[in-house]
Amino acid sequence: MTGTGSRCRSNSTASANGECRNRSNSVASSHGGGARNRKKEGNPKEDLWNGALEKEIGGNIIVQMCGLPSANHTVYARVNPSCAVSDPEALKKVTLGKVIEVMVDEGWRHVAKDILEKGKHIEPDSYPSAQELLQLGAVWLLNETQYTKGDGSAHAKRLHGSDEKDCPSWEDMTLRVHYMPDRFHNANEVDWSRYCKSLLLDGGSGAIVGGVKAHVPMTKLPDKKDGVLVYVDDDLGFTVLNKPGGIPTHSTISNHAEDVVSMYRASLKEERGDEAHTPHVSIPIRMEPEMYGLTLASTKKEFCAYITKQLAASKELHDENSSNGNSIPVKKSYRVLVCIKNPDDIDRIEKMVGKTLEHYVDPVSPTPKKFVRNKPKSSNHDWQQCLMLITSVGDTKFRAACVSSKYTDSNDFTLAHRLWCPDMDHPAEDLGVSYVMQLELELLTAKPHQIRGQLAALGCPIVGDTPYGGGTCEMRMHRHMWSRVAVQVCNLEFPLPQWEDGEDDKKHLVPTEKKCTFHLDTAWWTEYLLDYERHV
Numbered sequence: 001m002t003g004t005g006s007r008c009r010s011n012s013t014a015s016a017n018g019e020c021r022n023r024s025n026s027v028a029s030s031h032g033g034g035a036r037n038r039k040k041e042g043n044p045k046e047d048l049w050n051g052a053l054e055k056e057i058g059g060n061i062i063v064q065m066c067g068l069p070s071a072n073h074t075v076y077a078r079v080n081p082s083c084a085v086s087d088p089e090a091l092k093k094v095t096l097g098k099v100i101e102v103m104v105d106e107g108w109r110h111v112a113k114d115i116l117e118k119g120k121h122i123e124p125d126s127y128p129s130a131q132e133l134l135q136l137g138a139v140w141l142l143n144e145t146q147y148t149k150g151d152g153s154a155h156a157k158r159l160h161g162s163d164e165k166d167c168p169s170w171e172d173m174t175l176r177v178h179y180m181p182d183r184f185h186n187a188n189e190v191d192w193s194r195y196c197k198s199l200l201l202d203g204g205s206g207a208i209v210g211g212v213k214a215h216v217p218m219t220k221l222p223d224k225k226d227g228v229l230v231y232v233d234d235d236l237g238f239t240v241l242n243k244p245g246g247i248p249t250h251s252t253i254s255n256h257a258e259d260v261v262s263m264y265r266a267s268l269k270e271e272r273g274d275e276a277h278t279p280h281v282s283i284p285i286r287m288e289p290e291m292y293g294l295t296l297a298s299t300k301k302e303f304c305a306y307i308t309k310q311l312a313a314s315k316e317l318h319d320e321n322s323s324n325g326n327s328i329p330v331k332k333s334y335r336v337l338v339c340i341k342n343p344d345d346i347d348r349i350e351k352m353v354g355k356t357l358e359h360y361v362d363p364v365s366p367t368p369k370k371f372v373r374n375k376p377k378s379s380n381h382d383w384q385q386c387l388m389l390i391t392s393v394g395d396t397k398f399r400a401a402c403v404s405s406k407y408t409d410s411n412d413f414t415l416a417h418r419l420w421c422p423d424m425d426h427p428a429e430d431l432g433v434s435y436v437m438q439l440e441l442e443l444l445t446a447k448p449h450q451i452r453g454q455l456a457a458l459g460c461p462i463v464g465d466t467p468y469g470g471g472t473c474e475m476r477m478h479r480h481m482w483s484r485v486a487v488q489v490c491n492l493e494f495p496l497p498q499w500e501d502g503e504d505d506k507k508h509l510v511p512t513e514k515k516c517t518f519h520l521d522t523a524w525w526t527e528y529l530l531d532y533e534r535h536v
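Residue numbers (the UniProt record's numbering): 1 to 536.
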């Protein structure tokens, strides 16, 4: 390396490449619960840093890095312990932010581009700053000695923006930095403190609680951004959200900010103005990141315990294949837009309305998971049964919309480009899709990827579901891009709870005969279908 204040060991790039792979694998194994016993393997702590890339940051302080070319964009960094011998006082002044900046500095990346360079820049902020990485929760502090001993009690500590100026004891500490963290920009395009516009515009959207239609507070009407709130009950301790697609419900290892729990918790914290206490927020009903729509958030532990019991009862009834759907405590309905390749499939799918559709999924298969109509007789593992019920097809005026026209001024052509990539010449033709069709359905079992896999097995993958053959729907806003999948939770129902004194003198929630019902009339693709309908 060249330049003032920077140096690199001889053959450092090649050494770092080999070393970082070992480093990434061993530490990742430890984090995942299958910790390798490094003491038995004869890997002392310093062996893990042989051939590490080094940079002097002034005052004879040297930062060591390894793991740079890992597939998951993770780097491990520390201050060389030998610095403590030469100048212990200087070592105590090295901040977390300073060490992180070494890895995200543009000049440093230019010199070590074969190690740090990303193959293709999709986002303008592919390399966040040190402060941004801390705010996202992409930086973890590890105790090196405990990790190298394979100590199962050595848990990594996630750092935050307020930790940037902290100076840890570098003699035994290592940073794990996810320098290209997962990003979910869609989480920042909505207001988590306000109600969604669809409650004001759509006659059928909204909340009916105990038989009474809920009203939107005037003080929380949507402003510059659309809101996500559908219903809030501070007394019982739950909120119903209209979740944007493309974001997870919970944090990932490299992003602790752009998920449903973190965004809503931050909104509550700001609203209450209490920095000392972190509001309780949990998502008791699992929801895949790609999915849009109604999401139940618990803001009190008592409600979380209550709805967990209701979910367990629902699962038990589903497992028994109960024919009495009204007895299921927690019910969800889904709205999807699917691809129709053969026009004859429109009639075929319409005939499936009201019938239980059965498939079997290979639970150990990678995405896209394998779904089949008949359970394989010979297999080295169990195939899981998947049951789904299509409740309705099409819209009020038409069953399906054509997207196959090649004429640029046609209604079909416009709809295809609004649904899929606007830059493609003929997006529907490239996918072999002739029509799109809206369905509403219910799941009678709950398996990962069940809706996506069963519909794909029927020959009608969901629009935008790339792994299952639905193409890619691109959404661009504020210099960012993400993909959309046409699947939404459009209806949610569960028993209205009430407080009751328990035997332990603690209040808890019990179900009543009244219901909480929440419904969304529109999805992100509804506007496109309405425009299509107006020009038919």
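The C-beta atom is built at its ideal place from N, Cα and C for all residues, glycine as well.
Just so it is clear, the structure is predicted and the values come from calculations on it, not from any experiment.
**Assigned exposure category for residue 447 - 16 Cβ within 10 Å defines buried** = buried
**Message:** Measuring straight from C-alpha to C-alpha, what distance separates residue 490 and residue 496?
**Reply:** Rounded to whole angstroms, the gap between the alpha carbons of residue 490 and residue 496 is 19 Å.
**Request:** Spell out the partners DSSP gives residue 475 in its beta bridges.
**Result:** 482
**Asked** Can you check whether the CB of residue 339 is closer than 9 Å to the CB of residue 216?
**Response** no
**Asked** Could you give the uninterrupted runs of the beta strand (DSSP E) lying entirely in the region 303 to 369, keeping only those of 3 residues or more?
**Response** 331 to 340 and 356 to 361
**Asked** Can you give the Cα-Cα distance for residue 199 and residue 211, rounded to whole angstroms?
**Response** 17 Å
**Message:** Measuring alpha carbon to alpha carbon, tell me which residue in 444, 403, 450 and 55 is nearest residue 430.
**Reply:** 403
**Message:** Quick check on residue 85: does DSSP put it in helix, strand or coil?
**Reply:** helix
**Residue range of the unbroken alpha helix (DSSP H) whose run includes residue 538** = As shown, the chain starts at 1 and ends at 536. That puts residue 538 outside it, with no answer to give.
**Request:** Kindly indicate which three-state DSSP category residue 171 falls into: helix, strand or coil?
**Result:** DSSP places residue 171 in helix when its eight states are reduced to three.
**Prompt:** Between which two residues does the alpha helix (DSSP H) carrying residue 97 extend?
**Reply:** Its alpha helix (DSSP H) spans residues 96 to 104.
**Request:** With DSSP collapsed to three states, give me the class of residue 442.
**Result:** strand
**Asked** Quick one, are the C-beta atoms of residue 137 and residue 251 less than 9 Å apart?
**Response** Taking 9 Å as the Cβ cut-off, residue 137 and residue 251 qualify as a contacting pair.
**Request:** Take the Cβ of residue 274 as the centre, count every other Cβ of all protein chains shown within 10 Å, and call the residue buried at 16 or more, exposed below.
**Result:** exposed
**Asked** Sorted by chain position, which residues of the same chain lie with C-beta nearer than 7 Å to residue 75's C-beta, five sequence neighbours on each side aside?
**Response** 65, 67, 68, 103, 177 and 179
**Request:** Measure from the alpha carbon of residue 532 to the alpha carbon of each residue in 145, 61, 451 and 417, then state which is nearest.
**Result:** 417
**Asked** Can you tell me whether DSSP reads residue 242 as helix, strand or coil?
**Response** strand
**Prompt:** If residue 368 sits next to residue 384, beta carbons under 8 Å apart, how far is it from one beta carbon to the other, in whole angstroms?
**Reply:** The C-beta distance from residue 368 to residue 384 rounds to 15 Å, too long to fall under 8 Å, and the pair is not in contact.
**Request:** Drop a sphere of 10 angstroms on the beta-carbon of residue 77, count the other beta-carbons inside from all chains shown, and report buried for 16 or more, exposed for fewer.
**Result:** buried
**Request:** Would you grab the beta carbon distance between residue 336 and residue 455 for me? Rounded to a whole angstrom, and I think it's under 8 Å.
**Result:** 7 Å
**Asked** In this structure, does DSSP put residue 220 in helix, strand or coil?
**Response** Helix at residue 220.
**Request:** Answer yes or no: do residue 185 and residue 132 have a C-beta to C-beta separation smaller than 9 Å?
**Result:** no
**Segment limits, alpha helix (DSSP H) that includes residue 523** = Segment: none, residue 523 is in no alpha helix (DSSP H) and carries neither H nor E.
**Request:** From the DSSP output, in three-state form, read off residue 535 for me.
**Result:** coil
**Asked** Which full runs of the alpha helix (DSSP H) of 4+ residues lie inside the region 370 to 419, going along the chain?
**Response** 411 to 419
**Request:** Tell me whether residue 427 sits in a helix, a strand or coil according to DSSP, three-state version.
**Result:** Shown here, residue 427 sits in a helix according to DSSP, grouped into three states.
**Asked** Which value, in whole angstroms, describes the spacing of the CA atoms of residue 284 and residue 305?
**Response** 9 Å
**Request:** Classify residue 374 as buried or exposed, calling it buried when 16 or more other Cβ atoms lie within 10 Å of its own Cβ.
**Result:** exposed
**C-beta contact flag for residue 245 and residue 292 at 9 Å** = yes
**Message:** Can you tell me which residues form a DSSP beta bridge with residue 437?
**Reply:** 338 and 400
**Asked** Around the Cβ of residue 412, are there at least 16 other Cβ atoms within 10 angstroms (buried) or fewer (exposed)?
**Response** buried
**Item:** residue 193: first and last residue of the uninterrupted beta strand (DSSP E) it sits in
**Value:** Judged by DSSP secondary structure, residue 193 falls within the beta strand (DSSP E) whose first and last residues are 191 to 195.
**Item:** Distance CB(residue 435)-CB(residue 343) smaller than 9 Å
**Value:** A contact, by the Cβ cut-off of 9 Å.
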